[in-house]
Every structure is written in C-alpha cells, then in structure tokens.
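Taken in order, the sequence shown gives residues 32 to 542; the numbers are from our numbering. All residues carry an ideal CB built from backbone N, CA and C; glycine is no exception. Note sheet for the following structure.
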Amino acid sequence: MGMSLQTSQAQAADPTGPDANALYQQHCASCHGADRLGGTGPALLPENMGRLKPKQAAKVIAEGRAATQMIGYKNQIDAAGIQALVDYIFTPLPEIPRWGEAEILASHIQHHPPGSLPDKPKFQADIDNLFIVVELGDHHATLLDGDSFEPIHRFPTRYALHGGPKYAEGGRYVYFASRDGWISKFDTFNLTYVAEVRAGINSRNLAVSHDGRFVMVANYLPHNLVILDAATLKPVKLIEARDLRGNSSRVSAVYTADPRSSFIVALKDVPEVWEISYQIPPPKGFGQWIHDHRDDSGEQNEANHFPIRRILVEDYLDDFFLTQDYSQIAGTARGGEGQVVDLDLGRVVASIDLPGMPHLSSGISWPWNNTTVLATPNIRANSISLFDIETWQPVKEIETLGPGFFMRSHENSPYAWVDVFFGKHSDAMHVIDKQSLEIVKTLRPAPGKTSAHVEFTKDGRYALVSIWDLDGALVIYDAKTLEEIKRLPMKKPSGKYNVHNKLSRSSGTSH
Ligand code: HEC
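Have a look at this one:
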C-alpha cells in the first residue's frame, strides 16, 4: 500500500540513513496523528513535550511507557531508526495550526438551538438512574436504563473520547470530549446531539460548572483552557496556560469544585495548581492575595470574569484527588512525590509517601474508624494505598494481584471494588471490605480478558463491570451477594457513568 511507496521514496531521498518520516508514518501516525498533532497519543512537537529531553524521548520510544498504550519499539526499529525518529519529532513544524477563538467559532455546529426540542423524555425511565456507557471499541456510547439494565439508545461518538462524559441539568444533557478536541453536547431526553465545537487540537478532558452554565476544556494543544457557554457550546473565554515568568504549559485536567463555584486545574509543565472562579461576578479579590492577571480596577466587566488563583507547589502535580469537601487536593506527578495542597490556605500543607505511582484521580474515600480514608490504586505497584485524610498518614497497603487503575464504591455499599488492570491477572477484580480493609473476594468475570472500571447504580445495589475487549461485555453484579445477574455484550466498554452518582458527587466515584 502507501507504505511501500513511502519506503521507496525514502530510499531515493537518503540511501544512507533511515527515513524518519516513513518510520513515523508506519509505526507512530496511527496514534500520534499523521501531522504529529496528536490522536489517541499526545502531539509530538518540540513545544509540546514539556520537560521531556531528546534522550528521554529515545528511551520512551525504545522501551515504551509503563501502563500506557505507548509500547516499546526496540525490537522493531534499530537504534539509528529511533534516533532518526527523535530528531524528527524534535523538529518544529513549519507552522502549528492556530486554534484561537475564530477557529473554534468556525467549527461550531448547532444541530438544535436551545429550547427547540421537547422537555419530556422519549422513553420511560428514572433519569437519575441512567448510565452512559462509553464503548471505545467502535466509538459509540450506550444510554442504559439503570433499573431494567436495558439499553435505551446506542449512538456514535467522536473519535477516541477521553476523560469521562459530564452531566448537567439533572441528566438531561451530557457533554463528551474527544482527544482531538471535539466537544459534543447530547440531549438524553431527545436522544440527539444538540451542539458540537472543536475547542482544541489535542484535548484532555472537560468539566461542567455545577450550575450548568459553563463548560471548561483542558487542552494539551494549544496550551490553554477554553470556557464555553454550556447552552450553545460557543466560546466565552480562552485562558492561556502560563506561569508568572511566561513559561507555557500543557493543561492536564480540569475539575469542578461545586461548593467553591470554581474549576480546579492541573498543569503538566509548570509547578502550579489553579483555581478559576466561575461565579459571575467573581468573589471580590479572588486570586489577588497570591497573584492574578486581571487589572484590579474592581470593575465588573467581562475581562475580569474567571479570575485565576495560582497556588505554587513544590513539584508538578498533574494527577490528583479532591477531598469530598473540596478543601484539599492530594496530587502527584508521574513518579514524583505526593503533596497535599490546601485550597483555602493556598499552599502545600503535607507530603505523602506514594512510591507506587498512584492513580489518584480515581481514588475514593469513605468513613473508617472515626476518620476518613483515601484509597488509591497504584500503576507501578501490586497494591492499594490507604491514607487517613485527616493526618495524611498511611493506614495500610492492601496487596493485589497486579497494578490497578480504577477504584469505586458507593455510600450504601460495604465494599470497594478495584480492578487489576495490568499484568497477567488483568481479568481479576478485587472486592475489599471497607471496614476490615481486607480483600473478601476476587472475581473473574471473563477469564483471560481484562475486567475494569466499576460503577454502581444510584442506590448502590448493583455494580457494573466492563470487560475491556472488542468482544466485551457489561457484567452486572448484585453488590451485596456479589452474584452476577446479567451480561450485556458490548464493544470494548470503558467507563460508565451514573447520573445520580456523578451529579451528587458520590464519594465512591471520581470527579
Ligand atoms: C498505540 C498508540 C501509540 C503508538 C502506535 C505510538 N504511541 Fe507514542 N504514545 C502513546 C501514548 C498514549 C502516549 C502517552 C503516554 C503517557 O500517558 O505518558 C505516548 C507517548 C509518547 C512519547 C512521550 C511524549 C511526552 O510528551 O511525554 C513519545 C516521545 C512517543 N510516544 C513517541 C512515539 C513514536 C516515535 C512512535 C512510533 C515509533 C509512537 N510513539 C507510537 C501512544 C502511541
């Protein structure tokens, strides 16, 4: 096919060395994009690799990166080829496509203007107990009735969703983000998309303000945050991600802190955590006590909306857990030390010992022994780490059959569920007693196939597990007896999201 053509061109162009473009198109383009602007993998541009030096990039290409889709290529590409690829990805593009307000606006699609569709669902079901199940296998999503476990509707999504859909207005609307920056708003009552917009070139996730007014999108490319009007998805404001010295950064993630009326922002390349108020007008003086960009005339004009409060941290924090009251976050950078940031004090208040590369954004908490414990899976250790979140002291390490990725529980369930996501036991799912902190059962819903990501029904009576395979399924368990009650075939189902648990910010689920 095209590949042999590229190879022969390469030989013609440079008979002495490997042709980087041909190697790239053959091995890398499917994930990182033919134009290097990103796909399921991040954009590979010198301005977008942050702290990664060419030498480290060579190591990533040769050996891969643990627990990600980035596999090692040293058995397929020789050292000269890998070096050629490093030089290739560190060569700036002649031009990085601009993706500013004009481009975002030009991409905007309004399928149905606000107010034009009926306010009554087309189906009978408890809206509060609906699930969206994302099926990565063929880029679809299924709307599932959480009482009957019957699918209501299956519909295509944009390519490669990332970061979990978010609900608004009691579950009527759900917002999706794809890796290539498309934001889609779906009306669950009318089973149709109502608006779409491309908010970035390479995006990470989105958050919706608790009042349903704003959507904020975290981008890797360009280095910014984009605030959209949640009703129409039209851009409201773009915020560049830069530290005080002007160094720009990719944005790792954005979360909503309901009681604070703010978004919390994780930055990849600068040691800062941001809180951005979406209260209109913003609280007086918000952000001033540390620093912020706005001119402080005190006037309430639009330029003063969405002020940034910067919290300087000791290390990069790009993955974190928010406490249930949103007063503190516990975060790490990949492989770095854990830090606890107090959002009211605006500084680091504790460090935590987290050697196993925790996946803190899927950490959960529950009451235990007159305190609250935070439990987090580890990507590089066969254990679950538990901390007392009053003192940030370790409580226990629970040994598992392999590194995990997602952890879930529900206020009404005595158990916490955690997957074994990596290694030869990835078909196992551990069930942990929340009081004894012991594994009480290990399920294998589909031997030989990865089982992952649990979500509970609204009342906590049933737990839904994904069989993460093209020929996969959703397996529904009685959360008390741990018996299987139903199995629905699905195409690589990944996450599933219950309206009630998500909107009530259940402590058993991530935010
Ligand atoms: C199956 C998809 C896939 C393929 C194919 C793939 N990558 Fe990746 N790559 C990823 C993902 C996903 C990441 C991000 C990993 C992470 O989360 O740290 C990544 C990360 C990287 C990074 C680190 C980027 C950074 O900013 O830290 C480099 C460099 C890289 N890939 C180069 C390559 C090259 C060169 C090839 C081809 C030889 C390739 N990749 C093929 C998915 C892929």
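So, is residue i buried or exposed, given that buried needs 16 or more other C-beta atoms within 10 angstroms?
| i | result |
| --- | --- |
| ILE516 | exposed |
| VAL471 | exposed |
| LEU192 | buried |
| ASP323 | Residue placement at ASP323 is poorly supported in this model, since its pLDDT is 44, which falls under 50; the coordinates still yield a value, given next. Buried, by the Cβ-count rule. |
| SER39 | With a pLDDT of 34 at SER39, under the threshold of 50, the modelled position of this residue cannot be trusted; read the value that follows with caution. Exposed is the call here. |
| VAL239 | buried |
| GLY277 | exposed |
| GLU430 | exposed |
| ARG129 | exposed |
| ILE258 | buried |
| ARG82 | exposed |
| ARG340 | buried |
| TRP320 | Confidence at TRP320 is low in this model, with a pLDDT of 47, below 50, so its placement is unreliable and no value can be given for it. |
| VAL380 | exposed |
| GLY491 | buried |
| GLU421 | exposed |
| ILE102 | exposed |
| PRO196 | buried |
| GLY454 | exposed |
| ASP218 | buried |
| SER416 | buried |
| ARG96 | exposed |
| PRO125 | exposed |
| GLY539 | buried |
| ALA44 | Reliability fails at ALA44, whose pLDDT of 43 lies under 50, so the model's placement of it is uncertain and the value that follows must be treated cautiously. Exposed: under 16 other Cβ atoms inside 10 Å. |
Since residue i is in the alpha helix (DSSP H), which residue starts that stretch and which ends it?
| i | result |
| --- | --- |
| GLN57 | 51-58 |
| PRO85 | 85-94 |
| LYS533 | 530-534 |
Would residue i and residue j qualify as a contact pair, given that the criterion is a beta-carbon distance under 8 Å?
| i | j | result |
| --- | --- | --- |
| ILE232 | PRO253 | yes |
| GLN355 | SER396 | yes |
| ARG439 | ASP458 | no |
| GLY479 | VAL451 | no |
| LYS527 | ILE163 | yes |
| TYR347 | PRO313 | no |
| VAL462 | VAL426 | no |
| HIS336 | LYS268 | yes |
| ALA494 | TRP448 | yes |
| GLN141 | ALA262 | no |
| LEU76 | ILE127 | yes |
| ASP350 | GLY369 | no |
| LEU148 | ASN236 | no |
| ALA74 | ILE410 | no |
| PRO570 | SER497 | Here the chain has residues from 32 to 542 only, and residue 570 is not among them. |
| VAL485 | ASN160 | no |
| ALA60 | LEU116 | no |
| ASP21 | LYS522 | In the structure as shown, the chain begins at 32 and stops at 542. Residue 21 is therefore absent and cannot be evaluated. |
| TYR251 | ASN79 | yes |
| TRP213 | ARG203 | no |
| ALA334 | ALA284 | no |
| LYS105 | ALA93 | yes |
Considering residue i, what are the terminal residues of the beta strand (DSSP E) in which it resides?
| i | result |
| --- | --- |
| GLN544 | Here the chain has residues from 32 to 542 only, and residue 544 is not among them. |
| GLU306 | 303-308 |
| ILE108 | Note, ILE108: premise wrong, no beta strand (DSSP E); not H, not E. |
| ALA406 | 402-408 |
| LYS268 | 266-271 |
| ARG82 | Element bounds for ARG82: n/a, residue is neither H nor E. |
| HIS171 | 171-176 |
| TYR206 | 204-208 |
| PRO73 | Where PRO73 is concerned, there is no enclosing beta strand (DSSP E), given that its DSSP letter is neither H nor E. |
| LYS197 | 197-199 |
| GLU166 | 161-166 |
| GLY369 | 369-373 |
| PHE245 | 245-252 |
| ALA288 | 282-288 |
(Q) Just to confirm the assignment: which complete beta strand (DSSP E) runs, minimum length 3, are found wholly within the stretch 210-238? (A) The stretch 210-238 is shown to contain whole beta strand (DSSP E) runs of 3 or more residues at 213-218, 223-229, in chain order.
Q: Under 5 Å from any heavy atom of the ligand HEC, by CB: list those residues in chain order, please.
A: Any heavy atom of the ligand HEC counts here; residues with a Cβ closer than 5 Å to one of them, in chain order, are HIS58, CYS59, CYS62, GLY72, MET80, LEU83, ALA88, VAL91, ILE92, ARG96, THR99, GLN100, MET101, TYR104, LEU116.
Q | Secondary structure, alpha helix (DSSP H): runs of 4+ residues fully inside the stretch 465-517 | A | Within the stretch 465-517, no run of alpha helix (DSSP H) reaches 4 residues while sitting entirely inside it.
Q. Which parts of the stretch 408-461 are runs of the beta strand (DSSP E), unbroken and 3 residues or longer, counting only runs that do not cross its ends?
A. DSSP runs (the beta strand (DSSP E)) wholly in the stretch 408-461: 414-419, 424-430, 446-450.
Q | alpha helix (DSSP H) runs wholly inside the stretch 105-155, at least 4 long, in chain order | A | The stretch 105-155 contains these whole alpha helix (DSSP H) runs: 110-120, 132-138.
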